[in-house]
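With positions in the sequence shown counted from 1, the corresponding number in the working numbering is that position plus 533.
Quick reminder that beta carbons are idealized off the backbone N, C-alpha and C, glycines included.
Note that the structure is a prediction, hence the values are computed from the model and not measured.
Here's the structure we're looking at; comments come further down.
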Amino acid sequence: MSSVSNVTLAACVFMTVTCLVYSSNAQGPGIGSIDLGPIEPDFPIRTCSPRCENGFCVGGRCLCQPGFTGRTCSNTIITVCYGGCANGGTCRYGSCSCRPGYSGSSCQIPSCSPSCANGGTCVSGKCRCRSGYSGSYCQTRVCTPSCRNGQICILGQCRCPRFLDGPEPLGISEPGVPEIDLVPFYPAVCCSRSCLNGGTCIGYNRCRCRSGYSGQYCQTKVPSCLPSCANGGTCVSGQCRCRSGYSGGYCQTRVCTPACQNGQICILGQCLCPRFPDGPVPLGISEPGVPEIDLVPFYPAVCCSRSCLNGGTCIGYNRCRCRSGYSGQYCQTKVCAPACRNGGTCSNGKCNCRTGYTGSYCQTRTCSPACRNGGLCTSYGTCNCRSGYTGSYCQTRTCSPACRYGGTCTSYGTCNCRSGYTGTYCQTRTCSPACRNGGTCTSYGTCNCRSGYTGSYCQTRTCSPACRYGGTCTSYGTCNCRSGYTGTYCQTRTCSPACRNGGRCTSYGTCICRSGYTGTYCQTRTCSPACRNGGTCTAYGTCNCKSGYTGTYCQIRSCSPSCANGGKCVSGKCRCTYGYGGSYCQTKVCRPSCQYGQVCISGRCQCPRFLDRQVRGLPGRPGSQEPERLPIYRPVCCSKSCLNGGTCIGYNRCKCRSGYSGQYCQTKVCSPACRNGGTCRNGKCVCKKGYYTGSYCQTRLCSPACRNGGTCTPYGTCNCRSPYTGSYCQLSPTCYPRCENGGTCIRNNRCSCPSGFTGSRCQNAVQTACRVRMEIHDMTQAQRQLYIDTYKTAYGQPALRTLLRSHAINFAAGIHTRNQFLPWHRWFILELENILLAVNSNVILPYWDWTLHSAAPWSAPLWGSASHWYGGDGSGSCVTTGPFRSGQFSLVSGGCLRRDFDLTETTPSALVVNDILSTPVSSFNDFELRVRGELHDTVHCRIHGTMCTLDAAESPDFFLHHVFIDKLWADYQARSTAHHDAHFSSLGSAMTAAGGHSAQDMIDLNNQPGGVCVRYEQPSSSTARQLRRALSRVAPSVIAKRVSCQPQSLDVSRAVQQGQELFRVSASERSRLSSLVSKQVCRSAMPGQAGPSGARTTATANLGFDLNTLVSLANAK
């Protein structure tokens, strides 16, 4: 059998027995034979009636030879192409397979290959090109009209080649042209404009002009000078105008300016002293353009290159004889006699004495200036002053006590104070100039300005809120913004130049471009998606594909030869129509493939019958001595495929997979069985309408259906959306009195107010501008100084002192429990802000984002000693630096501000905070617990000192920390409406010592008590912006696996223990908190994690994790 390939049909002729085999080998279909040897039949032979004409009778049925079909094999199968295949086409299974360049049923129609490009049309096998294109398939741009002046046509444009020699690519691509040929360019003569007035083009935009003309293109007519002007002279109206140092009719002679003196002569424009003895001697000086130097006789001369001064006489070459009292080469220096002493200097023959000396040659010591007011000059040249006087020459009357702050003592012994000070010895500070516009002068000599004014003496009208990003406040109280910013207080960054092509300007002043564009302001067209498989992007944003590829972005591989029998080319391979296969669909096959023992014969799956056993005992042929022996075939084949994964186990017998039944596993059964009276149809349960639902009718339906977005529970009851109630969510909330000003009733007696209104019934209008709270490191130095000064001023007022003590008084009265912690402290910082605004209307509370300094929080600029920072560590005692140091600031409860930084620990990282903010709204209880126990309590006691006591609110650090905690709650609320409204059931209950306000009053930052709107501005540093973008794009689960960090956990450190004890975290809350923070938020290892340069970056060192990896993960999204 090895000599026969692709056996598709077998039958055996009686007795001998020879097996006829139909094959489709390399030589084409044919008949082969295999001798199986003698077979002795032992069973009755079944005959075929009517008789088989072109086949063999097997088991009472005709088995046809190749090329025939029908019950008796009398019908011929068409295997030829009628009319024949033209133009070299080949006939395959009754249809013509055409060569490239032809198409049609008989390959009679010429086609264009490759296809006509650039809108060309194929006519009789040739491309007819549009105007502006040529070539065999219109691939070449041409220029109309033809190029002149040595220019050549490049992609439809006349251009000057500037290549030297050798083939070089043009570097210009064109849509529809698959490849740019290399074009040889040689030194070319090309002018982009024609040379005028008979000029000749001699190079790239260079013309050789005729006599009398000049200019790049010989456009200027000029008079001529003959001979031509030499040495840089210019021809003006036919005469040479010489440069300085030249003269003559054509500037050929070099001259000396000014004329030579003292015996010097002019040689080639230089005045020189001849020093030659006698006889003609060459000068030895050459000059460009002078062909030869004549020999000039010189004799012994007396010559000085400069004149002898002060009556001196020239006696040789540069030698002067000076008169008495003078010296120097040219007698230019007057000398002193005798010489000056004690460091005196001689000037014009006189001694200039140092201070303290006098005399004709500085020999006498003096007091200079002379001692005054009875003072005596000592031998050392100093003044010995009388009592009551001082100074280097006793000129100053002394004051007792001494004048302070830069005051000066007058000649009468009284202090003359500097502006801004007064008193007997200038000890009292005043405001100078006087405070304007109703401002009052403080004991510190500074003006406390009324709302709407600022400046050292309240002279400047302010803008509220203050102008940002360098904007200036006008005299009308409006902001004049710098270029690149806009908005009421210059808070919005603009893009300059404006974003093009539909790009959008971000708040950072950068353009976010639409797909297909790039560049600083979206000016550059890109190919989107990018060109593949070596294709290049053209200036039109389309891809120029390499040979063998096509498609919008060269993603489709073309097929060669073309796909036959209706096949389609997909990714460089032919996708054949049903019934065909092969590399280009040239072969007829069975689709789907034959299974379960069937074989493919002329595109049809059939069951062959295989030899089973020999049967004896049949009567022999007439005249034969032996009985006839025949092969017996037993089918092992399913005439139809077993469906749904079933397996053929015998003739038309299938073993079915679970869930299916039937002869061919065609019927799907329901698993599990349908419940509650449901019926199974095609493997799916049809449930009783109106009562049950689910894949097997296991779920009870709600009747009537839930309304207003309510969902049906498995128990057949409705789970209603807020604010609807009722058995099927049919009841809407009611508010009495009714909501005003367009408000919407969202809960019984609760109104949702539109922008601009507040109150229980939306009856109050609110202020339009929001208070913007900034990260303290983003504030300017002046803003920080103003905040600290205002805080210290307000600190001495009863209102603030009472507020701060209320925190200590109610410390254990519920304000640190889960129901009140977040809303109560939001009310508390709002009250402080209102007090500060009463002192200075330009002050808004800042916050400290300690996640940006998590790995080194105690090295943050915040703890600097300058007056606009907060001062440093007190090491367990009083703070000794900064504006809140001991002696400059004291607590309401008495004593100094203390700090004791936990130098062995850090603050929670941005990854921990991001993990907390990712808490689902359904687990708000966990979110609140982690903010309170993991973030709030821990940082309090890692700063330690006053911050880790009942008097914590009296520390200025308290509000930096608590405003940031409130910002984190605001960030959580901003995630969705559900996040915004999430809280505990005690929303409407009055909070402890909060002026009757409930948690409900504090939920909405846009509608705080009194109609106040508050907004938090995100940190603006590049690190913070990178971090926000990356965290918004990468899931916490990915960060936990990919980003390295310094290990952080809620361990049993001093800060954690003291924080939990101070803020009375219950045992159950501690247990729950421990389980929540035990999960991994990053890879707990960062041994010298390096940035791109090989060293850990500053951002990584401050954040405590590998920012580079996090940014890379975000960019990969």
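Using the DSSP secondary-structure output, state which residues sit across from residue i in a beta bridge.
{"i": "residue 1102", "result": "1107"}
{"i": "residue 1194", "result": "1200"}
{"i": "residue 1264", "result": "1258"}
{"i": "residue 917", "result": "909"}
{"i": "residue 1132", "result": "1139"}
{"i": "residue 590", "result": "595"}
{"i": "residue 656", "result": "659"}
{"i": "residue 1308", "result": "1380"}
{"i": "residue 1221", "result": "DSSP lists no partner for residue 1221."}
{"i": "residue 884", "result": "879"}
How would you label residue i, buried or exposed, when you count the other beta carbons within 10 angstroms and need 16 or more for buried?
{"i": "residue 811", "result": "With a pLDDT of 43 at residue 811, under the threshold of 50, the modelled position of this residue cannot be trusted; read the value that follows with caution. With fewer than 16 other Cβ atoms within 10 Å, it is exposed."}
{"i": "residue 506", "result": "No statement about residue 506 is possible, as the shown extent of the chain runs from 534 to 1650 and does not include it."}
{"i": "residue 617", "result": "exposed"}
{"i": "residue 1447", "result": "buried"}
{"i": "residue 885", "result": "exposed"}
{"i": "residue 1570", "result": "exposed"}
{"i": "residue 1119", "result": "buried"}
{"i": "residue 1392", "result": "exposed"}
{"i": "residue 639", "result": "buried"}
{"i": "residue 859", "result": "buried"}
{"i": "residue 650", "result": "buried"}
{"i": "residue 1555", "result": "exposed"}
{"i": "residue 1316", "result": "buried"}
{"i": "residue 1597", "result": "exposed"}
{"i": "residue 672", "result": "buried"}
{"i": "residue 1335", "result": "exposed"}
So, under 8 Å CB-CB, residue i and residue j are touching, yes? Tell me the CB distance rounded to an integer number of Å.
{"i": "residue 936", "j": "residue 913", "result": "The pair is not a contact, with the Cβ atoms about 29 Å apart (cut-off 8 Å)."}
{"i": "residue 1249", "j": "residue 1235", "result": "6 Å"}
{"i": "residue 790", "j": "residue 778", "result": "6 Å"}
{"i": "residue 1394", "j": "residue 1402", "result": "7 Å"}
{"i": "residue 1060", "j": "residue 1083", "result": "Residue 1060 to residue 1083, Cβ: 15 Å. No contact."}
{"i": "residue 1179", "j": "residue 1197", "result": "7 Å"}
{"i": "residue 1567", "j": "residue 1647", "result": "5 Å"}
{"i": "residue 1337", "j": "residue 1373", "result": "About 19 Å separates the two Cβ atoms, so there is no contact after all."}
{"i": "residue 1102", "j": "residue 1109", "result": "Not really, about 11 Å apart at Cβ, beyond 8 Å."}
I'd like to check one pair, residue j with residue i: are the Cβ atoms closer than 7 Å?
{"i": "residue 1639", "j": "residue 1577", "result": "yes"}
{"i": "residue 919", "j": "residue 907", "result": "yes"}
{"i": "residue 875", "j": "residue 895", "result": "yes"}
{"i": "residue 1503", "j": "residue 1560", "result": "no"}
{"i": "residue 1105", "j": "residue 1124", "result": "no"}
{"i": "residue 648", "j": "residue 634", "result": "no"}
{"i": "residue 853", "j": "residue 845", "result": "yes"}
{"i": "residue 1032", "j": "residue 1038", "result": "yes"}
{"i": "residue 686", "j": "residue 693", "result": "no"}
{"i": "residue 771", "j": "residue 760", "result": "no"}
{"i": "residue 1239", "j": "residue 1251", "result": "yes"}
{"i": "residue 766", "j": "residue 773", "result": "yes"}
{"i": "residue 1359", "j": "residue 1535", "result": "yes"}
{"i": "residue 1671", "j": "residue 581", "result": "Any answer about residue 1671 is impossible in this case: the structure gives the chain only from 534 up to 1650."}
{"i": "residue 1241", "j": "residue 1207", "result": "no"}
{"i": "residue 982", "j": "residue 996", "result": "no"}
{"i": "residue 751", "j": "residue 737", "result": "no"}
{"i": "residue 1000", "j": "residue 1012", "result": "yes"}
{"i": "residue 1070", "j": "residue 1078", "result": "no"}
Can you find a heavy atom of the ligand GDP that lies under 6 Å from the Cβ of residue i?
{"i": "residue 1647", "result": "The ligand GDP is not part of this structure, which contains no ligands at all."}
With a cut-off of 7 Å, does the C-beta of residue i fall near any C-beta of chain D?
{"i": "residue 1599", "result": "Protein chains in the displayed structure number just one, and chain D is not present."}
What ranges does the beta strand (DSSP E) occupy inside the segment 748-805, keeping only unbroken runs of at least 3 residues that lie completely in it?
767-769, 772-774, 798-800 and 803-805
Jot down the residue ranges of each uninterrupted alpha helix (DSSP H) in the segment 1396-1437, minimum 4 residues, whole runs only, in chain order.
none
Runs of 4 residues minimum, wholly inside the segment 923-975: which ones carry the alpha helix (DSSP H) assignment?
none
Ranges of the alpha helix (DSSP H) found wholly within the segment 1468-1521, counting only runs of at least 4:
1470-1476, 1490-1506 and 1510-1514
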